[in-house]
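Undergrad: Structure provided below as structure tokens; questions to follow.
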Amino acid sequence: MKIGMGLPVLLHSTDYLFEWIKRIDSAPFSTLAICDRIVYDNYDALLTLAAAAALSRRVRLMTDVLVTPLRNTALLAKEIATLDALSGGRVTLGMGIGVRKDDFAVTDTSYKERGKYHENQIEQMKRIWSRQDWNNTIGPIGPAPIQKPGPELILGGFVPQVMQRVARYANGFVAATNEIDRVSQAFRAVEHYWQEAGRTGKPRLLAQIDIALESHMPGQGRENALAYYKVLPPPYNTYKAATLITTEQQLRKVLNDLEQIGTDEVICFPWSTEIEQIVRVATLC
Numbered sequence: 001m002k003i004g005m006g007l008p009v010l011l012h013s014t015d016y017l018f019e020w021i022k023r024i025d026s027a028p029f030s031t032l033a034i035c036d037r038i039v040y041d042n043y044d045a046l047l048t049l050a051a052a053a054a055l056s057r058r059v060r061l062m063t064d065v066l067v068t069p070l071r072n073t074a075l076l077a078k079e080i081a082t083l084d085a086l087s088g089g090r091v092t093l094g095m096g097i098g099v100r101k102d103d104f105a106v107t108d109t110s111y112k113e114r115g116k117y118h119e120n121q122i123e124q125m126k127r128i129w130s131r132q133d134w135n136n137t138i139g140p141i142g143p144a145p146i147q148k149p150g151p152e153l154i155l156g157g158f159v160p161q162v163m164q165r166v167a168r169y170a171n172g173f174v175a176a177t178n179e180i181d182r183v184s185q186a187f188r189a190v191e192h193y194w195q196e197a198g199r200t201g202k203p204r205l206l207a208q209i210d211i212a213l214e215s216h217m218p219g220q221g222r223e224n225a226l227a228y229y230k231v232l233p234p235p236y237n238t239y240k241a242a243t244l245i246t247t248e249q250q251l252r253k254v255l256n257d258l259e260q261i262g263t264d265e266v267i268c269f270p271w272s273t274e275i276e277q278i279v280r281v282a283t284l285c
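Spelled out as structure tokens, the structure:
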């Protein structure tokens, strides 16, 4: 089982952000991941990964997850293909439809139609990456991605519609929770839909877990999680803060449990900005 590391949501010092990127790349992590929000003080996900592409040499770069219905499809396909080129073919595109209505309001996109739009996006991006003409009068949109036929596609979400989309369009699924039973149930459902769709092989199964291995700033991770999710209704606004993994002992057990249920890769998302967490998690790789 591979282990990846996320970037903290709030890193306002670019020097500190760049140091996080370099240290993750130097450690034995499989992936450097970033989450996505619009109405928040975080840096843009794709621009941050572009910086990571320049500062790193080895680690894969993943959006975990990018809310793609907030974005124009043609521009997004071009940005992802460009990022894949800049990184030498290291991009994994994790996608979701989003749950925060404020992000849709400020981008003038449809919250109600986001699922249908997302499906159309995936189909259109695949056509763009294959260098097909846009239509009868407009030619192809480049560049072509380094990875063929395109970057790895991972979908996130706990509803059947998402799991069915994995079976139709994607390479795998990511479950974002620290609850092992819930992850296992989601994995088994994805495998069921995969087989039902007649796909060969197996879907890649990822778990995203939330950690705050704090030494110098106890409680910062919980405060950051509460601030990030405060726009959601109860009990979702406090769920992440209440279930944070805060010790190596807890993390070791969760990683072992995830491996037992067939997890291919775990992404550890830190809610604390303490950079020492990189070393503490890396010892478990």
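Read in order, the letters of the sequence shown correspond to residues 1 to 285 in the UniProt record's numbering.
Glycine included, C-beta positions come from ideal geometry on N, C-alpha and C.
Could you say if the region 205-216 and the region 236-247 meet the contact criterion of at least three C-beta pairs nearer than 8 Å?
TA: yes
Undergrad: Output the residue ranges of the beta strand (DSSP E) runs that lie fully inside the region 8-87 and measure 3 residues or longer, sorted by chain position.
TA: 31-34 and 60-67
Undergrad: I'd like the list of long-range same chain contacts for Tyr169, defined as Cβ closer than 7 Å, with 5 residues on each side in sequence excluded.
TA: Ile122 and Leu153
Undergrad: Within 10 angstroms of the Cβ of Gly219, are there 16 or more other Cβ atoms? Answer buried if so, exposed if not.
TA: exposed
Undergrad: Using only alpha-carbon positions, find the residue among Val190, Gln185 and Ile180 that is nearest to Asn171.
TA: Val190
Undergrad: When the distance is taken between beta carbons, is Pro203 closer than 7 Å to Val166?
TA: yes
Undergrad: Threshold first: 4 residues or longer. Then list the alpha helix (DSSP H) segments lying entirely within the region 197-230, N to C.
TA: For the region 197-230, whole alpha helix (DSSP H) runs of length 4 or above, ordered along the chain, are 220-228.
Undergrad: Please report how far the alpha carbon of Ile275 lies from the alpha carbon of His192, in whole angstroms.
TA: 39 Å
Undergrad: By how many angstroms is the C-alpha of Asp133 removed from the C-alpha of Ala175?
TA: Taking C-alpha positions only, Ala175 is separated from Asp133 by approximately 35 Å.
Undergrad: Is the Cβ-Cβ distance between Gly89 and Ile146 less than 7 Å?
TA: yes
Undergrad: How would you label residue 301, buried or exposed, when you count the other beta carbons within 10 angstroms and need 16 or more for buried?
TA: Lying outside 1 to 285, the shown extent of the chain, residue 301 is not represented and no answer is given.
Undergrad: Roughly how many whole angstroms lie between the Cα atoms of Leu86 and Trp20?
TA: Spanning the two alpha carbons is a distance of roughly 19 Å.
Undergrad: Buried or exposed for Asp64, going by 16 or more other Cβ atoms inside 10 Å?
TA: buried
Undergrad: With DSSP collapsed to three states, give me the class of Glu179.
TA: coil
Undergrad: Quick one: using the 10 Å Cβ neighbour count with 16 as the cut-off for buried, is Pro233 buried or exposed?
TA: Looking at its Cβ environment, which holds fewer than 16 other Cβ atoms inside 10 Å, Pro233 is exposed.
Undergrad: State the CB to CB distance for the pair Asp108 and Arg37, rounded to an integer number of angstroms; the pair is presumed to be in contact (CB under 8 Å).
TA: Going by Cβ atoms, the distance from Asp108 to Arg37 rounds to 17 Å, so no, they are not a contact pair.
Undergrad: Could you have a look at Glu274 and say whether DSSP puts it in helix, strand or coil?
TA: coil
Undergrad: Report the three-state DSSP secondary structure of Glu152 (helix, strand or coil).
TA: strand
Undergrad: Who are Cys268's beta bridge partners in DSSP?
TA: Met5 and Ile209
Undergrad: Look up Leu93 in the DSSP assignment and say whether it is helix, strand or coil.
TA: The DSSP-derived three-state label of Leu93 is strand.
Undergrad: Kindly give me the distance between the Cβ atoms of Pro69 and Ile97, rounded to whole angstroms, as I take these residues to be in contact under 8 Å.
TA: 6 Å
Undergrad: Is Val174 helix, strand or coil by DSSP?
TA: strand
Undergrad: How about Leu10 and Ala50: do their beta carbons lie closer than 7 Å?
TA: Going by C-beta atoms, Leu10 is not nearer than 7 Å to Ala50.
Undergrad: Alpha carbon to alpha carbon, what distance is there between Leu32 and Asn256?
TA: 21 Å
Undergrad: Starting from the C-beta of Lys22, find all residues in its chain whose C-beta is less than 8 Å away, skip the five residues before and the five after it, and write them out in chain order.
TA: Excluding residues up to 5 positions away in sequence, Leu55 and Ser56 lie with their Cβ nearer than 8 Å to the Cβ of Lys22 in the same chain.
Undergrad: Under a three-way DSSP split, which group does Ile128 fall into?
TA: helix
Undergrad: Quick check on the DSSP output: the alpha helix (DSSP H) that includes Gln164 runs from which residue to which?
TA: Pro160 to Tyr169
Undergrad: Taking buried to mean at least 16 other C-beta atoms within 10 Å of its own C-beta, is Val67 buried or exposed?
TA: buried
Undergrad: Just reading off the alpha helix (DSSP H) that Gln147 is part of, what are its end residues?
TA: No alpha helix (DSSP H) contains Gln147, which DSSP labels as neither H nor E.
Undergrad: At which residues does the alpha helix (DSSP H) containing Glu248 begin and terminate?
TA: In the DSSP assignment, Glu248 falls within the unbroken alpha helix (DSSP H) covering Glu248 to Gln260.
Undergrad: Give the secondary structure of Ile138 by DSSP, where H, G and I count as helix, E and B as strand, and everything else as coil.
TA: coil
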